[in-house]
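Under the working numbering, the residues of the sequence shown are numbered 6 to 457, in order. We treat Cβ as the ideally placed atom computed from N, Cα and C, and that holds for glycine. Comments concern the structure below.
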Amino acid sequence: MTLDVVDSLRSVVGAAHVLTDPSVTESYAVDWTGRFAGSTPAVVRPASTTEVAAVVEWCADNGVAVVPQGGNTGLVGGSVPLRREVVLSLRRLDAVSAVDSVTGQVTVAAGATIAAVQRAARGAGWEYGVDWGARDTATIGGSIATNAGGSKVARYGDTRAQVLGVEAVLGDGSVVSHLGGLVKDNTGYHLPSLLCGSEGTLGIVTGARLRLVPRVDERVVALLGFARVDDALAACGLLRRSLPSLEAVELMFDDGLALVCSSFGLSQPLPAPAAAYLLVECADRLDPSDALASAVAALRSTGAAVATEPGRRAELWRYREGHTEAINLLGPPHKLDVTLPPAALAAFVDSVGARVLTVDRRAQVWLFGHAADGNLHVNVTGVDPSDERIDSAVLDLVAEHRGSISAEHGIGTAKKQWLHLNRSAAEIAAMQSIKRALDPHGILNPNVLLPS
Ligand code: FAD
Ligand code: 2HG
Ligand code: ZN
Numbered sequence: 006m007t008l009d010v011v012d013s014l015r016s017v018v019g020a021a022h023v024l025t026d027p028s029v030t031e032s033y034a035v036d037w038t039g040r041f042a043g044s045t046p047a048v049v050r051p052a053s054t055t056e057v058a059a060v061v062e063w064c065a066d067n068g069v070a071v072v073p074q075g076g077n078t079g080l081v082g083g084s085v086p087l088r089r090e091v092v093l094s095l096r097r098l099d100a101v102s103a104v105d106s107v108t109g110q111v112t113v114a115a116g117a118t119i120a121a122v123q124r125a126a127r128g129a130g131w132e133y134g135v136d137w138g139a140r141d142t143a144t145i146g147g148s149i150a151t152n153a154g155g156s157k158v159a160r161y162g163d164t165r166a167q168v169l170g171v172e173a174v175l176g177d178g179s180v181v182s183h184l185g186g187l188v189k190d191n192t193g194y195h196l197p198s199l200l201c202g203s204e205g206t207l208g209i210v211t212g213a214r215l216r217l218v219p220r221v222d223e224r225v226v227a228l229l230g231f232a233r234v235d236d237a238l239a240a241c242g243l244l245r246r247s248l249p250s251l252e253a254v255e256l257m258f259d260d261g262l263a264l265v266c267s268s269f270g271l272s273q274p275l276p277a278p279a280a281a282y283l284l285v286e287c288a289d290r291l292d293p294s295d296a297l298a299s300a301v302a303a304l305r306s307t308g309a310a311v312a313t314e315p316g317r318r319a320e321l322w323r324y325r326e327g328h329t330e331a332i333n334l335l336g337p338p339h340k341l342d343v344t345l346p347p348a349a350l351a352a353f354v355d356s357v358g359a360r361v362l363t364v365d366r367r368a369q370v371w372l373f374g375h376a377a378d379g380n381l382h383v384n385v386t387g388v389d390p391s392d393e394r395i396d397s398a399v400l401d402l403v404a405e406h407r408g409s410i411s412a413e414h415g416i417g418t419a420k421k422q423w424l425h426l427n428r429s430a431a432e433i434a435a436m437q438s439i440k441r442a443l444d445p446h447g448i449l450n451p452n453v454l455l456p457s
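So, in structure tokens, the structure goes:
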């Protein structure tokens, strides 16, 4: 059976592009955190939409399940083969077409990285409005499949808000392509919206037409300390109201910042440590430093480090973006990426640590996130990576506060069993009907999102 799969896939994409050596396929079979790992008979690396369609059609005809994979930076175990599925890597489809400088749009292939799209946009006087720490590896296809968020959502929206059109291969091998880029186009179901956040269960995204935003080059970053967590959370609303140039408001706490400092040999950013920190970025055509300074003056901040020069701005961002890597150095974490209603955020921050400790006294709970969106990343280390009581404790608390159990990373395999906390039986049944319609053989990423 395995040999047939490999031989057949080789005849579609060429022998060099079907990887079977376990020492090579291993890295495609374990997720970024190290918490989710499996194995695969083959990693197939097509170079075009036609080849993707031929691979999927062959897999559909032969009942072979497929896990699509982009940069493999996903954080919910959705991009790895847990039950010997074939891995379909999109990384060779990495073309970025010329930016249409009139419409501010670009067509990109699924395997292009976020950084490649950002570079192309900037080169043409535009900007791609989505950004996060894994930009050099994460792909457009993966970001559409997860509806990735990142640090600029409050200003520009999530990935779904950037996607004007998609090209995708559905579960029977048919190709849907709608890349014309018309901003107003009410011609029936909006497949791009449906594919955004579908986590590879409805179709393999092979390309997308993306909206860009005007480039603004004058930037200022401030890292602010707060003696009380409540003061930091309250500051977030005030900054959003008073600064039209606000691009990001990111939240950190003293323990997480100290971990980043010790992991990467960084010095503390402020003269005196604080309980909570906000990393704030403003961007505009004219220098937004004065506007930010007057907004900050109205806050209960205990100290600030401010930077306008690109190198120094990046140094301040390192304190925030270093969290994921620093936490992973402690061993595979439980990652719970959640949203709380603004009124519930402070109470959740207060109680989540204690709730986790009732499950395992050894737990270390790390909190950080995108404060502008009420999006908190709860990471738990020091416990058994497979102890799902940890995930239950956090996600039940989120549901008690009427929050979302997935803000931006998706459900994947990690949160599949808690989907009912946010979705009714009728909603799940509707999703299953859509799945059956677009993937009639049930071969596309079968381990994620929906109950089996
Ligand atoms: P993969 O990890 O390869 O796949 C993710 C999911 O998409 C899987 O279910 C996979 O099957 C599916 N998929 C991949 N490609 C396709 C395709 N072409 N067609 C259909 N399905 C596909 N995420 C955020 O939202 N915000 C953040 O701030 C953020 N920060 C991060 C920081 C770090 C350091 C890391 C490691 C990750 C971070 N992430 C963040 C998570 C991750 O980068 C995103 O989920 C990203 O969108 C995944 O893209 P990828 O190409 O790596 O996809
Ligand atoms: C971030 O905001 C990412 O840095 C990763 O979404 C979150 O590591 C995490 O839990
Ligand atoms: Zn995030």
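If distances are taken between C-alpha atoms only, which option among the options comes closest to residue i?
i	options	result
P274	A42, T307, D289	T307
T344	G154, L87, P46	G154
V29	A150, H446, V92	V92
V10	D295, A70, D36	A70
V453	V85, R50, R40, V49	V85
L80	T329, R394, S409	T329
T211	T192, V388, H183	H183
L243	G327, A302, N450, V57	A302
I209	W322, T55, A352	T55
L98	P51, P73, G68, A65	P51
A309	V72, A21, Y282	Y282
F536	R366, L341, P347	Outside the displayed range of the chain (6 to 457) lies residue 536, so it cannot be described from this structure.
S203	L229, A173, A300	A173
V311	N333, V285, L304	V285
T25	V49, V17, A331, G43	V49
G417	L87, D444, A227, V388	L87
If you drop the 5 nearest sequence neighbours on each side, which residues of the same chain put their C-beta closer than 6 Å to that of residue i?
i	result
I502	The question about residue 502 has no answer here: the residues shown for the chain are numbered 6 through 457.
M6	The predicted position of M6 is uncertain, since its pLDDT is 49 and thus under 50; no value can be drawn from it.
A404	L426
G408	V343, T344, L345
R15	V23
V218	E132, G134, Y161
L95	G75, A115, G116, G146
R394	V364
A21	none
G39	P337
G387	R367, A368, Q369
Using C-beta distances below 8 Å, list every residue in its chain close to residue i, excluding the 5 sequence neighbours before and after it, in chain order.
i	result
L215	Q110, V111, T112, V113, V122, Y133, I145, Q167, V168, L169
I439	L199, L207
G327	V265, S268, F269, L271
L455	T206, K421, L424, I433, M436, Q437, K440
A232	A279, A280, R305, T307
A398	R360, V361, T363, V364
Residues in the same chain with beta-carbon distance under 7 Å from residue i, minus the five sequence neighbours each way, listed in chain order, please.
i	result
S198	R165
P293	E223, V225, S250, C287
V156	Note that residue 156 is Ser in the sequence shown here, rather than Val. Closer than 7 Å at Cβ, skipping near neighbours: D136, W137, A253, E255, H375.
V370	V357, G358, V361, V383, V385
S106	A129, G130
D12	none
V101	V111, V113, A117, A121, V122, A125
Y429	Checking the sequence, you will find Ser at residue 429 rather than Tyr. No residues qualify anywhere along the chain.
Any heavy atom of the ligand FAD inside 7 Å of the beta-carbon of residue i?
i	result
N77	yes
G178	no
L291	no
V210	yes
S84	yes
G186	no
E62	no
L95	yes
E437	Going by the sequence as given, residue 437 is Gln instead of Glu. No; taking the cut-off as 7 Å, the Cβ of Q437 has no heavy atom of the ligand FAD nearer than that.
Say yes only if the C-beta of residue i is nearer than 7 Å to one or more non-hydrogen atoms of the ligand 2HG, and no if none qualify.
i	result
N452	no
H22	no
K340	yes
T344	no
E56	no
E326	yes
T329	yes
L80	yes
So is the beta-carbon of residue i under 7 Å away from any non-hydrogen atom of the ligand SAH?
i	result
D396	Absence of the ligand SAH is noted for the structure shown, with the ligand FAD, the ligand 2HG and the ligand ZN being the only ligands found.
task = Taking only runs that begin and end inside the stretch 346-375, name each unbroken beta strand (DSSP E) of 3 or more residues, in chain order.
result = 369-375
task = For the ligand ZN, enumerate in chain order all residues having a CB closer than 7 Å to any of its heavy atoms.
result = W137, G154, G155, D342, G374, H375, N380, H382, E413
inquiry  = Please give me, in chain order, every unbroken run of the beta strand (DSSP E) with length at least 3 that falls completely inside the stretch 307-347.
reply    = 339-344
request  = Quick one: which unbroken alpha helix (DSSP H) runs of 4-plus residues sit fully inside the stretch 195-242? Chain order, please.
outcome  = 196-200
task = Output the residue ranges of the beta strand (DSSP E) runs that lie fully inside the stretch 250-295 and measure 3 residues or longer, sorted by chain position.
result = 251-258, 281-289
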